[in-house]
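>
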Amino acid sequence: MAGVLFVVGKEFPEHWKAALESGFWETVRRVEVREGDALVFWQAGQRQLLGVGTATQEPEPVDYELQARPWSTSDPTEYQFRYRFDPVQVSRSSSPTWPELMVLLGQKPRRGANTAPFRFDRNPDELVMDIERSGPGPDGTFEVEVADAIGRSRTGSGRPLIGDVYIDADEEIATKNGVPFQRDPQAVDRGLRGHARTQNALAAWLRGQGIAPRPAGKVNFDLAWEVGGEVYVAEIKSLHRATERNQLRLGLGEVIDFSYRLGGARRVLAVEREPVDEAWVAICESVDVRLVWPETFDRLLPWPGLPIRDQD
Numbered sequence: 000m001a002g003v004l005f006v007v008g009k010e011f012p013e014h015w016k017a018a019l020e021s022g023f024w025e026t027v028r029r030v031e032v033r034e035g036d037a038l039v040f041w042q043a044g045q046r047q048l049l050g051v052g053t054a055t056q057e058p059e060p061v062d063y064e065l066q067a068r069p070w071s072t073s074d075p076t077e078y079q080f081r082y083r084f085d086p087v088q089v090s091r092s093s094s095p096t097w098p099e100l101m102v103l104l105g106q107k108p109r110r111g112a113n114t115a116p117f118r119f120d121r122n123p124d125e126l127v128m129d130i131e132r133s134g135p136g137p138d139g140t141f142e143v144e145v146a147d148a149i150g151r152s153r154t155g156s157g158r159p160l161i162g163d164v165y166i167d168a169d170e171e172i173a174t175k176n177g178v179p180f181q182r183d184p185q186a187v188d189r190g191l192r193g194h195a196r197t198q199n200a201l202a203a204w205l206r207g208q209g210i211a212p213r214p215a216g217k218v219n220f221d222l223a224w225e226v227g228g229e230v231y232v233a234e235i236k237s238l239h240r241a242t243e244r245n246q247l248r249l250g251l252g253e254v255i256d257f258s259y260r261l262g263g264a265r266r267v268l269a270v271e272r273e274p275v276d277e278a279w280v281a282i283c284e285s286v287d288v289r290l291v292w293p294e295t296f297d298r299l300l301p302w303p304g305l306p307i308r309d310q311d
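According to numbering that gives the first Met the number 0, the sequence shown is numbered sequentially starting from 0.
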């Protein structure tokens with residue numbers, strides 16, 4: 000077993016939180032990563048070790064047409080490769096220095112984090128133990144927070160299936176200039192923004208019900224929440240008249256998949272507007288999926304197992 004050291008740029012320290020919430024890291028150039036490799040993350044500028052993860056698969060191409068970009072909107076970088084990982088709990092309360100980290104990775108001490116990413120040959124379990132045993136470094140912690148009431152109960156360890164704090168989607172999201180398209184970029188942008196608006200509308204409606212929306216964890220759904228001990232998972236879809244049937248078919252399959260992976264979560268398919276074909280409400284109900292759009296979110300009420308609340 001081996002691993003790779005990645006560096007979180009000093010201009011965007013918030014990318015580490017985004018990586019933990021989304022369950023992946025991205026780079027411009029491809030780095031060799033194998034399933035089971037240790038992924039080590041260092042914060043440039045603050046000069047501290049952020050955390051250690053275990054790669055869950057080999058690198059995959061980035062496709063922002065199919066998934067929202069989790070990084071800061073002020074970061075213009077065109078990332079090309081994605082590395083999915085599970086965080087590993089590390090109990091050490093202080094960070095090694097950069098030279099100490101190089102020694103822990105079996106490397107000769109080298110200057111500067113700009114030498115990363117690079118591969119190293121260390122067993123992930125042994126590396127974590129060595130980090131925990133290493134001498135005191137500067138103030139700071141690199142403990143990876145993985146505690147999650149819903150996620151931990153369903154995964155046992157590693158990255159939770161469901162994230163903790165939901166952050167509203169970017170409703171001004173747009174594709175980057177300079178990339179050749181096989182599809183109309185304006186149509187792509189409209190779909191991305193329709194998706195974000197619908198997702199944010201559902202999150203706002205949930206908050207109005209006193210329910211905290213939850214982001215994706217290890218399972219890469221759009222939105223989840225918990226009511227009365229029941230977990231709900233929602234797939235969000237924008238709808239364009241020319242592709243409506245395909246979008247609904249895709250969303251239906253995705254939410255059934257996510258429900259299974261979350262241990263049987265209740266299923267919700269939330270779409271941008273009412274479908275032209277009225278049959279879709281019955282089609283979804285036939286497989287225990289609740290189809291809703293912003294004007295009909297109240298169809299999710301009453302919550303099973305809870306008393307019916309009077310609606311104004």
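Don't be surprised by glycine CBs; every beta carbon is placed ideally from N, CA and C.
#1: Three or more beta-carbon pairs under 8 Å between the stretch 195 to 204 and the stretch 220 to 239, yes or no?
#2: Out of 76, 47, 15 and 2, point me to the one whose CA is closest to residue 53's CA.
#3: When you compare only the Cα positions, how much space is there between residue 60 and residue 249?
#4: Note the first and the last residue of the continuous beta strand (DSSP E) segment covering residue 224.
#5: Using DSSP bridges, identify the partner residues of residue 87.
#6: May I ask you to report which of helix, strand or coil DSSP gives residue 208?
#7: So for residue 125, helix, strand or coil by DSSP?
#8: Please return the same chain residues whose Cβ sits closer than 7 Å to the Cβ of residue 74, not counting the five positions on each side in sequence.
#9: Considering only the alpha carbon of each residue, which of 77, 4 and 16 lies closest to residue 101?
#10: What is the DSSP secondary structure of residue 298, counted as helix, strand or coil?
#11: Among 15, 221, 290 and 229, which has the Cα closest to the Cα of residue 257?
#12: What do you get for residue 217, buried or exposed, if any count of 16 or more other CB atoms within 10 angstroms of its CB means buried?
#13: Reducing DSSP to helix, strand and coil, say where residue 37 ends up.
By the coordinates alone:
#1: Enough Cβ pairs lie closer than 8 Å, so yes.
#2: Within the sequence shown, residue 53 is the residue found at index 54, counting from 1. For the set 76, 47, 15 and 2, the Cα lying nearest the Cα of residue 53 is the one of 2.
#3: Locating residue 60 in the sequence shown gives position 61, where the first residue counts as 1. Locating residue 249 in the sequence shown gives position 250, where the first residue counts as 1. If you take the alpha carbons of residue 60 and residue 249, they lie about 20 Å apart.
#4: If you number the sequence shown from 1, residue 224 lands on position 225. In the DSSP annotation of this structure, the continuous segment of the beta strand (DSSP E) that includes residue 224 starts and ends at 222 to 226.
#5: Reading the sequence shown from its first residue, position 88 is the one you call residue 87. Within the DSSP secondary-structure output, residue 87 pairs in a beta bridge with 51.
#6: As a first step, residue 208 is located in the sequence shown; it is residue number 209 there, counting from the start. Residue state for residue 208 is assigned as coil, using DSSP reduced to three classes.
#7: Looking up residue 125 in the sequence shown gives position 126. For residue 125, the secondary structure class from DSSP, reduced to helix, strand or coil, is helix.
#8: Here residue 74 refers to the residue found at position 75 when the sequence shown is read from its first residue. Once the five neighbours on either side are set aside, the close Cβ partners of residue 74 are 11.
#9: The count along the sequence shown starts at 1 and reaches residue 101 at position 102. Per the Cα distances, 4.
#10: Residue numbering aside, residue 298 sits at position 299 when the sequence shown is read from its first letter. Reduced to three states, the DSSP call for residue 298 is helix.
#11: Within the sequence shown, residue 257 is the residue found at index 258, counting from 1. For residue 257, the closest alpha carbon among the candidates 15, 221, 290 and 229 is that of 221.
#12: As a working mapping, residue 217 is identified with position 218 in the sequence shown. Here residue 217 is buried: its Cβ has 16 or more other Cβ atoms, across all protein chains shown, within 10 Å.
#13: To locate residue 37, count along the sequence shown from 1; it is residue 38. Strand.
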